[in-house]
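Quick note: the sequence shown uses numbering that gives the first Met the number 0, first residue 0, plus one each step.
Down below is the structure, laid out as structure tokens.
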Amino acid sequence: MLIETFRNFVGSTLNRLVLTYGLGLVLVFGILGVVGLLSFDQLLDADTRHTIQVEHESLMEVYRNDGRNGLKQIIDGRVREPINREAFYLLVDENSVVLAGNRNQLPRSLPRRAGWVKFPWRAMPDSDKVLAFVQPLDNGDLLVTGYSSGAQIHLRQLIVRLGFLILFLLGILTLIFSWLLRGAVDRALEASLDTVDRVAAGHLDERVAERPGNDGFARLGRTLNRMLDRIHMLVGGIQSSTDAIAHDLRTPLTRLKTRLEQARLESTDENTVLKVEAAIAEADQLIATFNSLLRLARIEASHEIPGQLLAVDSVLRDAVEMWQAVAESKAQNIVVNINPVTIAGDRNLLFQMISNLLDNAIKYAPPESQIKVSLIKQENTASLMIIDAGPGIELKQREHVFDRFVRLESHRGTPGCGLGLSVVRAIAIHHGATISLQDASPGLCVVLSFPLSSGNQSNQHGQNVI
0 MLIETFRNFV GSTLNRLVLT YGLGLVLVFG ILGVVGLLSF DQLLDADTRH TIQVEHESLM
60 EVYRNDGRNG LKQIIDGRVR EPINREAFYL LVDENSVVLA GNRNQLPRSL PRRAGWVKFP
120 WRAMPDSDKV LAFVQPLDNG DLLVTGYSSG AQIHLRQLIV RLGFLILFLL GILTLIFSWL
180 LRGAVDRALE ASLDTVDRVA AGHLDERVAE RPGNDGFARL GRTLNRMLDR IHMLVGGIQS
240 STDAIAHDLR TPLTRLKTRL EQARLESTDE NTVLKVEAAI AEADQLIATF NSLLRLARIE
300 ASHEIPGQLL AVDSVLRDAV EMWQAVAESK AQNIVVNINP VTIAGDRNLL FQMISNLLDN
360 AIKYAPPESQ IKVSLIKQEN TASLMIIDAG PGIELKQREH VFDRFVRLES HRGTPGCGLG
420 LSVVRAIAIH HGATISLQDA SPGLCVVLSF PLSSGNQSNQ HGQNVI
């Protein structure tokens, strides 16, 4: 479960972008912290060496003025001073006998030439090493002047702990601000994506709210609107051409049918009559196709939102009653579960939509099967479901069946022109409903979700319903 959640999270491009920039920022600050710590160590080492050099020069001045005895007194005095707790002093003769200073801290070996040395200072448990300068004197003695790194180690550890704490807090703040940025980007894109989804559902007149300025989001809105205008123009041109053809051809087809019927009445040859009746049936099919095209064009051209409240359960019962006889002729049975639901809608359009769906269910369901029809009222929506036991529709083809004149290969032998579901979708969009096709195992489940408007709530207080 956690692995799947992580995969889904990382699978998002925006999430990967936020993580990349967040981790990159933390890494940059970590590198800056390491560089700063190294610079601090170098600066501290240089300052320590400078302090030792100054202290060493002052001791050499005492030696030049007061000799060995004066140097011994100064060193013993400084070792006893509490302010010199970190300081290290040694005066050693040529036989490695300590004459003055930190007598218990004599290193195992000291070079007999001037230079810097490092060695442990065991008297201080919290110290690391002593950095010291060794100076051979002209009488054979060695003067060692140094400082322990105990205070430096404490300061360095404090800085490291503080750095890790700051880096941790910075990482948390970076993730928080990155997540807030992700949410802001999501919200900035949400309106545009919702508009595109509505256009994809058939609301071709929807447009993205354009932002002022010339940033990426403003350009995206303007580009989407230009694209949607172009799509609307192209689709409108295709629809207008199709509707014009349907309108222009319906009249001559009607006249042709009339003449064929007249020829059938006047003909005495039985074979001729059969041929004329077949031609009349074809003409009827063409006229029905053109009527469906014109009906679809009128629905899509109407931008008026239905405002009259309507009892959908009553429309559904009437449609089921009409199609029950057709289902019984195929030994089928329509089983209903209808609850009272009221929406804003057009009775004739809803009746036609339900009739198209019942016609398809009866047409493709096998004999002696059940067709289930249900209408359920939920919190904010009303769901109409029609389930048959037919062959169903493959997942990859479910969106295409709503297009005009689309007929699946498995449905080629059944009567129809491929406009029924196009009309269903247009009516659903006209009522603000969403339609989806689901697998009924076996068969197809058509789900229509209607929004329950505020008017539906006011109906509960006595408003008239059709």
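Backbone N, C-alpha and C fix where the C-beta goes; we use that ideal spot for every residue, glycine too.
This one's a predicted model, so the numbers in the text were calculated from it and none came from an experiment.
query                                                                                                                : result
C-beta atoms of I392 and A360 nearer than 8 Å                                                                        : no
Buried/exposed call for G236, threshold 16 Cβ in 10 Å                                                                : exposed
As assigned by DSSP and simplified to three states, the class of G212                                                : coil
DSSP state of K275 mapped onto helix, strand, coil                                                                   : The identity of residue 275 in the sequence shown is Val, whereas the question assumes Lys. Here V275 sits in helix by DSSP.
Helix, strand or coil at G145 [DSSP, three-state]                                                                    : strand
Beta-carbon proximity list for E367, same chain, < 8 Å, skipping 5 on both sides                                     : A330, Q331
Three or more C-beta pairs below 8 Å linking the region 47 to 62 and the region 137 to 149                           : yes
For I158, three-class secondary structure by DSSP                                                                    : helix
Beta-carbon proximity list for M435, same chain, < 6 Å, skipping 5 on both sides                                     : Residue identity differs from the one stated: residue 435 is Ser in this sequence, not Met. Within the same chain, S435 has close Cβ partners V446.
Beta carbon of V61 nearer than 8 Å to that of I73                                                                    : yes
According to DSSP, residues forming a beta bridge with Q369                                                          : N332
Outcome for M232 when other beta-carbon atoms lying within 10 angstroms are tallied against a minimum of 16          : exposed
The region 26 to 35 touching the region 181 to 197, judged by at least three CB pairs closer than 8 Å                : no
Identity of the residue in R229, A364, H153 nearest C444 by Cα                                                       : A364
Buried or exposed by the 16-neighbour rule on C-beta atoms within 10 Å, applied to D228                              : exposed
Beta-carbon gap between L357 and W322 smaller than 8 Å                                                               : yes
Terminal residues of the alpha helix (DSSP H) in which Q351 lies                                                     : 346 to 363
Between the CA atoms of E205 and R197 - distance to the nearest angstrom                                             : 7 Å
Element boundaries [beta strand (DSSP E), containing I342]                                                           : 341 to 343
Identity of the residues DSSP links to L172 by a beta bridge                                                         : DSSP, once it has assigned bridges, lists no residue as partnering L172.
Nonlocal neighbours in the same chain, by C-beta distance under 6 Å from V275, ignoring five residues either side    : L259, A262, R263
Candidates A425, V334, Q134, of which the one nearest V477 by Cα                                                     : Because the chain spans 0 through 465 in this model, residue 477 falls outside it and cannot be assessed.
Residues of its chain near E85, where Cβ-Cβ distance is below 7 Å and the 5 sequence neighbours each way are ignored : Y146, S147, G149, A150
Contact check, D75 vs A99, beta carbons under 8 Å                                                                    : yes
Beta-carbon spacing of L58, L141 below 8 Å                                                                           : no
Length of the line joining the Cα atoms of V27 and V129                                                              : 34 Å
Boundaries (first-last residue) of the beta strand (DSSP E) holding A432                                             : Segment: none, A432 is in no beta strand (DSSP E) and carries neither H nor E.
First through last residue of the beta strand (DSSP E) which encompasses K128                                        : 128 to 135
Cβ pair N101, V78 closer than 8 Å                                                                                    : yes
8 Å contact criterion, which A318 and P339 should meet: CB distance rounded                                          : That pair is no contact at about 16 Å.
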